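Residue numbers for the sequence shown follow the numbering used here, so the first one is 1480 and each next one is one higher. By construction, the Cβ of each residue, glycine as well, lies at the ideal position given by its N, Cα and C atoms. Since the structure is predicted, the reported quantities are computational estimates derived from the model, not experimental observations.
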Amino acid sequence: MKEPGRKISIAAPYFSGREREYVIECIDTTWISSVGRFISEFERQFAAYLGVRHAVAVSNGTVALHAALLGLGVRPGDEIIVPTLTYVATANAVAYCGARPVFADSDWRTFNVDPDAIERAITPKTRGIIPVDLYGHPVDMDRIASLAERHGLFVLDDAAEALGATYRNRKVGSLTACATFSFFGNKTITTGEGGMIVTDDDDLAARLRIIKGQGMDPQHRYWFPTVGYNYRMTNIAAAIGLAQLERIQTHLDRRRELCNWYDDLLAPMGESLRLPLEEPWATSSHWMYTVALQDGVKARRDAVIASMADRGVETRPVFYPMHVMPVYRESDGRYPAAEWYGARGISLPTHALVTREDAEYVAKALCESLA
Ligand SMILES: *Cc1c(COP(=O)(O)O)cnc(C)c1O
């Protein structure tokens, strides 16, 4: 039964550092727009955290993908392979370039994009691959990188959900020519709205700064040789981001602890629930703890979500695969793993403020909702 007043949200920002102090500094100094010390400092420390040469701050994770694709030279008519099981921004960013997102199915373990499915989707028009580190679990990047190299394709890692995750002891975001992050309110660290593009390539970084700054020639003020965009981050957003980044290990540790609690609490429900796994070569950022209803379970996923809501627990369905969306519609049945997970997956509250007692309540509510 619902406990009166109990409300556990699926996500929540966590401010435990100097966020307030830095934002007040923006106001006191009047540096509130897209110039200021926090932008350069946030970029510098973000690049240092990942061990990459460049970090370019932008206004959200979607435009990070768009700018990165433009910087990588994507043109109308190109094909870019993306997982069908992702947030819509991954596919939309490709469409913004006039290019075509070509979908690939998930593997049956992590539900990340399956390298074999990527390989099958390659055509003479394919220019690149955007793997997505779904719910914070890294993709098997060595396999993707080697097939990309064999076919002469770029790899742009959509690491929006995987800040702080590692792949074979290397940080996600440092594995590919280019990677992007999001700082939306529900991500590992937040700036309200915000994003980052990272790369080791000096020329790409220079192009990205032109693209995000209206196309202006860096050597010639108010001279615009190409069409650019206003994709800049504000100093206020960067001030919050810097304070968040200074405490990132705490954010990650809290999430890991919570996911360990869920693992223990839900283990007895193994007959009905498929729990998330962590491959031996990976550490997840634990962005969203996501379970799936096993095949034998009678309860419908959406009824379970409604019942959890009645008990004061906010959950959310796994992403609907892109190929079922009206804009990207393809026939059913071609992507069985993504369709299975998209229909049966539920993400549980995952954020730094969920207590052990909350986790126990969530597990109990889930058990009742399945009955
Ligand atoms: C959050 C997210 C993005 C970008 O989101 P914004 O809200 O635009 O910052 C892109 N891809 C994935 C997989 C995401 O989860």
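On the premise that Ser1751 lies in contact with Leu1849, defined as a C-beta separation below 8 Å, what is that separation, rounded to the nearest angstrom? 5 Å
Cβ of Phe1663 within 7 Å of any heavy atom in ligand 1? yes
Leu1654 - DSSP class collapsed to helix/strand/coil: coil
Distance between Leu1549 and Ala1572 (C-alpha atoms, nearest Å): Roughly 10 Å separates the two Cα atoms.
Between Thr1667, Pro1580, Arg1523, which has its C-alpha nearest Val1531's C-alpha? Taking Val1531 as reference, the option from Thr1667, Pro1580, Arg1523 with the minimal CA-CA separation is Arg1523.
If you pair each beta-carbon of the region 1584 to 1602 with each one of the region 1636 to 1651, do three or more pairs fall below 8 Å? no
Should Pro1617 and Met1801 be called a contact, given that it needs their Cβ atoms to be closer than 8 Å? no
C-beta atoms of Ile1676 and Ala1570 nearer than 8 Å: no
Measuring straight from C-alpha to C-alpha, what distance separates Val1776 and Ala1526? In a straight line, the C-alpha of Val1776 is about 45 Å away from that of Ala1526.
Check the C-beta distance from Leu1737 over to Thr1829 and give it rounded, since I have them as a contact under 8 Å. With a beta-carbon spacing of about 6 Å, Leu1737 and Thr1829 fall inside the 8 Å limit used to define contacts.
Cβ shell of Ala1778 (< 6 Å), same chain only, five flanking positions each side left out: Leu1849
To which residues of the same chain is Ile1511 closer than 8 Å at the C-beta, ignoring the five residues directly before and after it? For Ile1511, where only same-chain residues beyond five positions count, the Cβ hits under 8 Å are Cys1505, Thr1713, Asn1714, Ile1715.
Just mark Ala1684 as buried or exposed, buried being the case when its beta carbon has 16 or more other beta carbons within 10 Å. buried
Could you tell me if the beta carbon of Tyr1566 falls within a distance shorter than 7 Å of some heavy atom in ligand 1? yes
I need the DSSP call for Ala1583, collapsed to helix, strand or coil. strand
Could you compute how far the alpha carbon of Asp1781 sits from the alpha carbon of Thr1589? Cα-Cα distance, rounded: 22 Å.
Nearer than 7 Å: is that true of the beta carbon of Gly1720 relative to any heavy atom of ligand 1? It does not: the Cβ of Gly1720 is nowhere closer than 7 Å to a heavy atom of ligand 1.
Backbone CA spacing between Glu1818 and Thr1508 [nearest angstrom]: 51 Å
With hydrogens ignored, establish whether the beta-carbon of Asn1714 is closer than 7 Å to any heavy atom of ligand 1. Checking every heavy atom of ligand 1 against the Cβ of Asn1714, none is found closer than 7 Å.
Separation of Ser1653 from Ile1597, as counted between CA atoms: About 21 Å.
DSSP beta-bridge partners for Met1787? DSSP lists no partner for Met1787.
Is DSSP giving Thr1541 helix, strand or coil here? helix
Taking the alpha helix (DSSP H) that Gly1530 falls in, what are its first and last residues? No alpha helix (DSSP H) holds Gly1530; DSSP gives it neither H nor E.
Okay, do the region 1607 to 1626 and the region 1553 to 1568 touch, 3+ Cβ pairs below 8 Å being the bar? The region 1607 to 1626 is in contact with the region 1553 to 1568.
Along the chain, where does the beta strand (DSSP E) containing Leu1635 start, and where does it finish? 1633 to 1637
Among Leu1832, Ala1771, Gly1484, Leu1845, which residue has its Cα nearest to the Cα of Ala1822? Ala1771
Tell me the rounded alpha-carbon separation between Asn1739 and Gly1791. 22 Å
Does ligand 3 have a heavy atom nearer than 7 Å to the CB of Gly1607? Ligands in the displayed structure: ligand 1; ligand 3 is not one of them.
Would you report the Cα separation of Gly1674 and Asp1680, rounded to the nearest angstrom? 18 Å
Integer-rounded CB distance, given that Leu1832 should sit under 8 Å from Tyr1493: Indeed, because the Cβ distance is near 6 Å, the residues count as touching under 8 Å.
Can you find a CB in chain E that lies within less than 8 Å of the CB of Asp1621? Structure shown: chain E not included; a single protein chain is present.
Going along the chain, which residues of its own chain have a beta-carbon closer than 6 Å to the beta-carbon of Gly1615, five neighbours each way excluded? Cβ neighbours of Gly1615 beyond the five flanking positions: Glu1640, Ala1641, Ala1644, Ser1763, Ser1764, His1765, Trp1766.
Beta-carbon within less than 7 Å of Thr1729's beta-carbon, same chain only, minus the 5 sequence neighbours each way: which residues are those? Ser1495.
Contact defined as beta carbons within less than 8 Å: I believe Leu1626 pairs with Pro1594. What is the distance between those atoms, to the nearest angstrom? With 8 Å as the limit, Leu1626 and Pro1594 qualify as a contact, their Cβ atoms being about 6 Å apart.
Report yes if the CB atom of Thr1769 is closer than 8 Å to the CB atom of Pro1759, and no otherwise. No, they are not a contact pair.
Alpha helix (DSSP H) segment containing Arg1823, residue limits: DSSP places Arg1823 inside the alpha helix (DSSP H), whose first and last residues are 1815 to 1823.
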